[in-house]
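Note that the protein sequences, when read in sequence, are chains L and P.
Here our numbering is used: position 83 in the first sequence is 83, and no number is missing along the way.
Every number in our numbering is 1000 more than the matching position in the second sequence, counting from 1.
Each residue gets a CB set at the ideal place from its N, CA and C atoms; glycine is no exception.
Everything below concerns the one structure shown next.
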Amino acid sequence: AQTVTQSQPEMSVQEAETVTLSCTYDTSESDYYLFWYKQPPSRQMILVIRQEAYKQQNATENRFSVNFQKAAKSFSLKISDSQLGDAAMYFCAYRGGTSYGKLTFGQGTILTVHP
Amino acid sequence: SAVISQKPSRDICQRGTSLTIQCQVDSQVTMMFWYRQQPGQSLTLIATANQGSEATYESGFVIDKFPISRPNLTFSTLTVSNMSPEDSSIYLCSVLPGKNQPQHFGDGTRLSIL
Chain L
1 AQTVTQSQPE MSVQEAETVT LSCTYDTSES DYYLFWYKQP PSRQMILVIR
51 QEAYKQQNAT ENRFSVNFQK AAKSFSLKIS DSQLGDAAMY FCAYRGGTSY
101 GKLTFGQGTI LTVHP
Chain P
1001 SAVISQKPSR DICQRGTSLT IQCQVDSQVT MMFWYRQQPG QSLTLIATAN
1051 QGSEATYESG FVIDKFPISR PNLTFSTLTV SNMSPEDSSI YLCSVLPGKN
1101 QPQHFGDGTR LSIL
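This is the structure we're talking about:
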């Protein structure tokens, strides 16, 4: 079974600084997708960024980028120029290519942004 | 992306009662899912809601406790039956519009059982 591990229960960053959230996963599949979701106190799950395993290039969405290391099964999220609105719980998630959409989530990392 | 409406947004229920949560999508979607998020925890998949057939449940979840309906490609319901305080959680509906697309989530239902 696939597992997703986020080893940082909590992280903090100063506004305008950069922070990196860690995620590792375990799978025997070669075709899969990885995601970072953000969950603010409003509890809505918001997609931050996605990465297809077959793509070597790291995904980027504005201030958010990932460092995808397939051999190491690592998928970290970098947030640049942190803003107060980035404060939330961040979940790393895995979806296998043949899992018919099922997502496996990590434990989550609470990100605090200090003004 | 798909717009998902989930109702109710929150409820407080008595022990032993049942509650049905609705999930409505503004477009036809291939797959719909129901997740549970216990307080301070991550999300766990309860089941995949299959259109026109019985839902597919994950280990630890059973149909008698969490009956699910999906009458068409835009609507699903999850019932939490015979509730106990341990069922106090956020329940989230999610949809997969297509095979190579990301899942999108409803706003969730915060359920508290007294």
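Next on the checklist: Do L:Ile-49 and L:Leu-77 count as a contact pair if the criterion is CB distance below 8 Å?
Outcome noted: yes
Item to check | Identity of the residues DSSP links to L:Glu-52 by a beta bridge | outcome: L:Tyr-33
Next on the checklist: For L:Glu-61, list the residues DSSP reports as bridge partners.
Outcome noted: L:Phe-64
Checklist entry - Is the Cβ of P:Arg-1036 closer than 8 Å to any Cβ of chain L? => result no
Checklist entry - Taking 8 Å as the CB-CB limit, is P:Arg-1110 close to chain L? => result yes
Checklist entry - With distances taken between CB atoms, is the gap from P:Ser-956 to P:Gln-1103 smaller than 8 Å? => result Here chain P comprises residues numbered 1001 to 1114, so residue 956 of chain P is not present and cannot be evaluated.
Next on the checklist: I want to verify the contact list: residues of chain P whose CB lies under 9 Å from the CB of L:Leu-163, in sequence order.
Outcome noted: The displayed coordinates of chain L run from 1 to 115. Any statement about residue 163 of chain L would go beyond what the structure contains.
Item to check | Span of the beta strand (DSSP E), counted from its first residue to its last, around L:Gln-14 | outcome: 10-14
Checklist entry - Using DSSP with H/G/I as helix, E/B as strand and the rest coil, what is L:Gly-85? => result helix
Checklist entry - Expressed to the nearest angstrom, what Euclidean distance is found between the alpha-carbon atoms of L:Gly-106 and P:Thr-1030? => result 25 Å
Item to check | Cβ-based neighbour list, P:Trp-1034, same chain, cut-off 7 Å, excluding 5 preceding and 5 following | outcome: Ile-1046, Ala-1047, Ala-1049, Ile-1068, Leu-1078, Tyr-1091, Cys-1093
Item to check | Minimum Cβ-Cβ distance from P:Thr-1077 to chain L less than 8 Å | outcome: no
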